[in-house]
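Chemist: Here it is: the structure, laid out below.
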Amino acid sequence: ASSPVTVTVTGAAGQIGYALLFRIASGQLLGADTPVRLRLLEIPQAVKAAEGTAMELDDCAFSTLDSVEIYDDATAAFDGVNVALLVGARPRTAGMERGDLLSANGGIFKPQGAAINAGAADDVRVLVVGNPANTNAFIAASHAPDVPRERFTAMTRLDHNRAVSQLATKTGAKVADIARLTIWGNHSATQYPDLSHATVAGRPALEVVGDDAWVRETFIPTVAKRGAAIIEARGASSAASAANAAIDHVYSWVHGTPEGDWTSAGIVSDGSYGVPEGLISSFPVTSDGGQWTIVQGLDVDEFSRGRIDASVAELVEERDAVQALGLL
Ligand code: NAX
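In my numbering, the protein residues as written are 1 to 328.
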């Protein structure tokens, strides 16, 4: 077996944390041959709950789990970290203005970015799950000037997986037959789930569906509003599916994406597809096991252009707002 990999999870005592930690510890994140040194970061009030989860992790007797440590200090929690999963964030509560939301999250992601800068391993990979995920990743990256910006990513894999599932159901195909689907832009209601390059068992998805109205009036809003539909049904936000998507994102990053296919991830823009350089936006991406690469050369028709531009405009607004608040 290889030497242990240090994985730090923030918000470890939250509901996504509870769905995520056991899968990481059991080897599903990095593989069955890679021992995991798990670190849980929480706020002081939630440390006791995290200790309870750590007891349960012990009780699983996972052969892949090297150790579990609990922290309420970011600098210590990220010292030597190889994979950082930033799940803990300040949710929007009733009556909260966007500025308040961004400030509260700046207060979390600024020090965490600085702590990653101070102590992370040279090969660190960061995934931000906590919302607003793209902008939180942008804030953290801005406070980690010594870490290459492309190591900071934001999760849109849950949106991607939701879109794959909706398309498979509509076409009667298996999920494994769906390829080349893309989520563009922000992980928010403005996101653009794009079927224009997707295939179903090798055939163009739009041809198989044969119904533009379904794509525009049902598919896109269903994917974009799925989070709200889950809250409505469960009385709590997506947790197991979000944890699953976080596992998928890191697994694809570390193990690579399959030949001929791609996935979706929020990564730093190099200016591709007219997305301003430096923004953390979702793109069609492949991984070679080391780094993400934006799939190049896709045709963007007028409808797609409008949808991508609208979501990217929201990312620009969020960036300008955090800049005005002095969070960068
Ligand atoms: P919970 O409220 O259950 O858990 C959040 C945890 O974070 C709490 O235990 C809290 O104590 C902890 N926390 C807060 N500040 C912290 C800090 N500074 N350091 C360490 N821990 C801290 O939320 P949960 O349902 O687990 O969701 C977590 C985040 O994921 C939320 O921001 C949520 O909006 C976001 N989501 C993102 C998704 C995505 O696709 N990118 C989908 C699912 C989810 O909605």
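By construction, the Cβ of each residue, glycine as well, lies at the ideal position given by its N, Cα and C atoms. From a predicted model like this one, the values you see are computed outputs, not experimental measurements.
1. Here's a check: name, in chain order, each residue in its chain whose Cβ is nearer than 7 Å to the Cβ of HIS255, leaving out the five neighbours to either side.
2. Under the three-state reduction of DSSP, which class applies to PHE219: helix, strand or coil?
3. Check each candidate in ALA310, GLY278, THR190 and ARG203 and name the one with the smallest Cα separation from ARG151.
4. Are ALA50 and PHE78 close, meaning C-beta to C-beta below 9 Å?
5. Closest to ALA173 by C-alpha separation, out of TYR192, VAL209, ASN186 and THR190, would be which residue?
6. Using a 10 Å radius around the Cβ and a threshold of 16 neighbouring Cβ atoms, would you call VAL312 buried or exposed?
7. When you measure from the CB of ILE247 to every non-hydrogen atom of ligand 1, does any distance come out below 8 Å?
8. Starting from PRO44, trace the beta strand (DSSP E) both ways and give me its first and last residue.
9. So what does TRP253 bridge to, in DSSP terms?
10. Please tell me whether, using a cut-off of 8 Å, the distance from the CB of ASN244 to the nearest non-hydrogen atom of ligand 2 is below it.
11. Can you list, in chain order, the stretches of the beta strand (DSSP E) that have 3 or more residues and sit fully within the stretch 272 to 302?
12. Apart from the five residues on each side of it in sequence, which residues of its chain come closer than 7 Å, Cβ to Cβ, to GLN15?
13. Taking C-alpha atoms, which residue in ASP194, LEU327 and ALA13 lies nearest to SER88?
14. Taking the C-alpha atoms as reference points, what is the distance between PRO148 and ASP211?
15. Excluding sequence positions up to five away, which residues of its chain have a Cβ less than 8 Å from the Cβ of TRP292?
16. By DSSP, does SER67 sit in helix, in strand, or in coil?
17. I'd like the span of the alpha helix (DSSP H) that includes THR6, first residue to last.
18. Apply the 10 Å Cβ neighbour rule to ASP248 and answer buried if 16 or more other Cβ atoms are within range, or exposed otherwise.
19. From this set, GLY271, THR156 and ALA61, which residue's C-alpha is nearest SER282's C-alpha?
20. Beta-carbon separation of LEU86 and ASN161 under 9 Å?
Modeler: Taking the geometry as given:
1. These residues qualify, in order along the chain: GLY289.
2. Judged by DSSP in its simplified three-state form, PHE219 adopts helix.
3. Of the candidates ALA310, GLY278, THR190 and ARG203, the one whose C-alpha sits nearest the C-alpha of ARG151 is GLY278.
4. Not in contact: ALA50 and PHE78 (Cβ atoms no closer than 9 Å).
5. Measuring from the Cα of ALA173, the nearest candidate turns out to be VAL209.
6. Taking a 10 Å sphere around the C-beta of VAL312, we find 16 or more other C-beta atoms and assign the residue as buried.
7. Every heavy atom of ligand 1 is 8 Å or more from the Cβ of ILE247, so no.
8. In the DSSP assignment, PRO44 falls outside any beta strand (DSSP E) and carries neither an H nor an E.
9. DSSP, once it has assigned bridges, lists no residue as partnering TRP253.
10. As presented, the structure is devoid of ligand 2, carrying ligand 1 as its sole ligands.
11. Those beta strand (DSSP E) runs which fall completely within the stretch 272 to 302 and span 3+ residues are 280 to 287 and 292 to 294.
12. Excluding positions up to five away in sequence, the list reads ALA236 and ALA239.
13. For clarity, residue 88 is Gly in the given sequence; the question names Ser instead. Closest by C-alpha distance to GLY88, out of ASP194, LEU327 and ALA13, is ALA13.
14. Distance between the alpha carbons of PRO148 and ASP211 is about 43 Å.
15. Same-chain partners within the cutoff: GLU150, THR153, TRP253, ALA265, ILE267, VAL285 and THR286.
16. Correct three-state label for SER67: strand.
17. Premise fails: THR6 lies in the beta strand (DSSP E), 5 to 10, not in any alpha helix (DSSP H).
18. Around the Cβ of ASP248, a 10 Å sphere holds 16 or more other Cβ atoms; the residue is buried.
19. Ranking the options by Cα distance to SER282, first place goes to THR156.
20. No, the Cβ-Cβ distance between LEU86 and ASN161 is not below 9 Å.
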